[in-house]
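Asker: Below you'll find the structure I mean.
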Amino acid sequence: MRVKSSSPASLSARSSAIAPPVRRSFLNARMPLSYSEWPNQNAPVIILIHGSRDHSRSWDALATALHPAHHVIAPDLRGHGDSAWSQDGRYDFAAYLSDLSVLARELGLGPHRQAVLIGHSLGAHIALRFCAVYPDMVRRVVAIEAVGAPPEILARRSGQPIAQAIRDWLEERHVASQGTHRDFPVVSDAIERMRTRHAFLTPGQAEHLTRHGLRQVGNSGWQWKHDPYLAVWPFPDITPDEAQALWRRISCPTLLIYGDLSWPSPTPADLLRQIPDVREVRLANSGHWPHHDAFDACCAAIETFLSG
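For the sequence shown, this note's numbering begins at 1181 and goes up steadily by one.
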């Protein structure tokens, strides 16, 4: 289904005043992890899972809109936001699922307390895999922009012999280990870079995302909070056939949301074929971040799905 989206500047009235969350922390083995929480005790739980090189505060507007009827949790994935960086630079699905499973246990999820998962991009795929592995913990799932790798990465890896693919990946990790984090003398420089990379964002959205994605270095200068190792695309962990086998195990109702102006990918069609109870919404005038680019339409699609 295609939905005409309103201007990203016309956020719904409920989210015009962003509610600040409470910051929480937990441990997975030795790794300190963080999450934002909009408490609403005894209300149904929603877990919002951000994408690569993003952070939990990216969800502030949607969390505020959903909070009146839900207890909202938004983790910072390892290497992102206020969570710790992986000491060995490990950022694969197995690691992310391990962290999410520990958080689920902290929240007491199970057959008698199921959560709704809403994920974006990388977070969408984490959410879908979690649903397949722990179907008793999830009531519904929303996957926003669950696409494959960007076209330039697919093109680089397509048809490569496995030995060469491994060698290239190891070289990328080595280069990342030698690099330094990008410095911005002033916050406005980082905001401008955010707007350059994400043209659909309003000035207010770009500033919000940037300010919560930066940390100050010493007395001057700013850096992104995320680990530079995240620039290295993870080495494939399971085969496409194994991924599709996981999707077939998703038993809860599933909503797929895509921006009509995002990059092309065969993944959406595969998800529609494999997930048993699935529906799709495509939002006009939206790129890879529909929850920012087309907030009102995205929020309405989610609320309609949850009320159903």
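All C-beta atoms, glycine included, are put in the ideal place defined by N, C-alpha and C. In this text, all values refer to a predicted model and were calculated from it rather than measured experimentally.
Rounded to the nearest angstrom, what separates PRO1414 and ASP1272 at their Cα positions?
Answerer: Straight-line Cα distance between these residues: approximately 6 Å.
Asker: Buried or exposed: where does ILE1489 fall if 16 or more other Cβ atoms within 10 Å of its Cβ makes it buried?
Answerer: Nothing about residue 1489 can be reported from this structure: the residues present for the chain run from 1181 to 1488 only.
Asker: Thinking just about the alpha-carbon of each residue, which of PRO1315, PRO1248, LEU1277 is nearest to the one in ARG1429?
Answerer: It is PRO1315.
Asker: Can you give me the start and stop residues for the alpha helix (DSSP H) that GLN1358 sits inside?
Answerer: GLN1358 -> alpha helix (DSSP H) spans 1342-1358.
Asker: What is the DSSP secondary structure of ASP1256, counted as helix, strand or coil?
Answerer: ASP1256 falls in the strand class under three-state DSSP.
Asker: Should the stretch 1422-1438 be regarded as contacting the stretch 1389-1397, the criterion being three or more beta carbon pairs within less than 8 Å?
Answerer: Verdict: no, contact absent.
Asker: If we count the other Cβ atoms within 10 Å of its Cβ and call it buried at 16 or more, is MET1181 buried or exposed?
Answerer: Exposed.
Asker: Rounded to a whole number of angstroms, what is the C-alpha to C-alpha distance between MET1317 and ASN1399?
Answerer: If I take the Cα positions, the gap works out to 45 Å.
Asker: I believe LEU1287 touches ARG1258 by the beta-carbon criterion, under 8 Å. Please report the beta-carbon distance rounded to the nearest angstrom.
Answerer: That pair is no contact at about 18 Å.
Asker: Compute the distance between the beta-carbons of PRO1224 and HIS1251, then report whether it is under 8 Å.
Answerer: The answer is yes: Cβ separation under 8 Å.
Asker: Let me confirm a value: HIS1361 is counted as buried when at least 16 other C-beta atoms fall within 10 Å, else exposed. Which label applies?
Answerer: Label assigned to HIS1361: exposed.
Asker: According to DSSP, simplified to helix, strand and coil, what is PRO1212?
Answerer: Note: PRO1212 maps to strand in three-state DSSP.
Asker: At which residues does the alpha helix (DSSP H) containing TYR1276 begin and terminate?
Answerer: TYR1276 -> alpha helix (DSSP H) spans 1273-1286.
Asker: Considering only residues of the same chain and omitting the five flanking positions on each side of SER1232, which have a CB-CB separation below 7 Å?
Answerer: Here the set comprises SER1301, LEU1302, LEU1410.
Asker: Take the Cβ of THR1484 as the centre, count every other Cβ of all protein chains shown within 10 Å, and call the residue buried at 16 or more, exposed below.
Answerer: Per the 10 Å Cβ criterion, exposed.
Asker: Am I right that ASN1222 and HIS1247 are in contact with their C-beta atoms under 8 Å? What's the rounded C-beta distance?
Answerer: Not really, about 14 Å apart at Cβ, beyond 8 Å.
Asker: Assuming SER1468 and SER1445 form a contact by the criterion Cβ under 8 Å, report the distance between their Cβ atoms to the nearest whole angstrom.
Answerer: Here residue 1468 turns out to be His, not Ser, going by the sequence shown. Not quite, the Cβ-Cβ distance comes to about 10 Å (not below 8 Å), so this is no contact.
Asker: Helix, strand or coil: how does DSSP classify THR1244 here?
Answerer: It is helical.
Asker: Who are SER1205's beta bridge partners in DSSP?
Answerer: According to DSSP, which records beta bridges pairwise, SER1205 is partnered with SER1214.
Asker: Suppose the cutoff is 6 Å on Cβ atoms and the five residues either side in sequence are ignored; what does the same chain contact list for GLU1217 look like?
Answerer: Closer than 6 Å at the Cβ level, and outside the excluded window around GLU1217, lie PRO1201, VAL1202, ARG1204, ILE1253.
Asker: In three-state DSSP terms, what is ASP1316?
Answerer: Reduced to three states, the DSSP call for ASP1316 is helix.
Asker: Per DSSP, HIS1406 forms a beta bridge with which residues?
Answerer: DSSP, once it has assigned bridges, lists no residue as partnering HIS1406.
Asker: How many Å lie between LEU1486 and LEU1297 at the Cα?
Answerer: If I take the Cα positions, the gap works out to 11 Å.
Asker: Can you check whether the CB of HIS1406 is closer than 8 Å to the CB of HIS1260?
Answerer: Contact: yes.
Asker: Going straight from the alpha carbon of TRP1402 to that of GLY1488, what length do you get?
Answerer: In a straight line, the C-alpha of TRP1402 is about 44 Å away from that of GLY1488.
Asker: Would you say ALA1295 and ILE1227 are within 8 Å of each other, going by their C-beta atoms?
Answerer: Yes, Cβ-Cβ distance for ALA1295 and ILE1227 is below 8 Å.
Asker: Which residue or residues does DSSP assign as beta-bridge partners of VAL1322?
Answerer: ILE1298, LEU1435.
Asker: From the DSSP output, in three-state form, read off GLY1328 for me.
Answerer: Residue state, collapsed to three classes: coil.
Asker: On the CB-based measure, 16 or more other CB atoms within 10 Å of its CB, does ILE1371 come out buried or exposed?
Answerer: Flag for ILE1371 reads buried.
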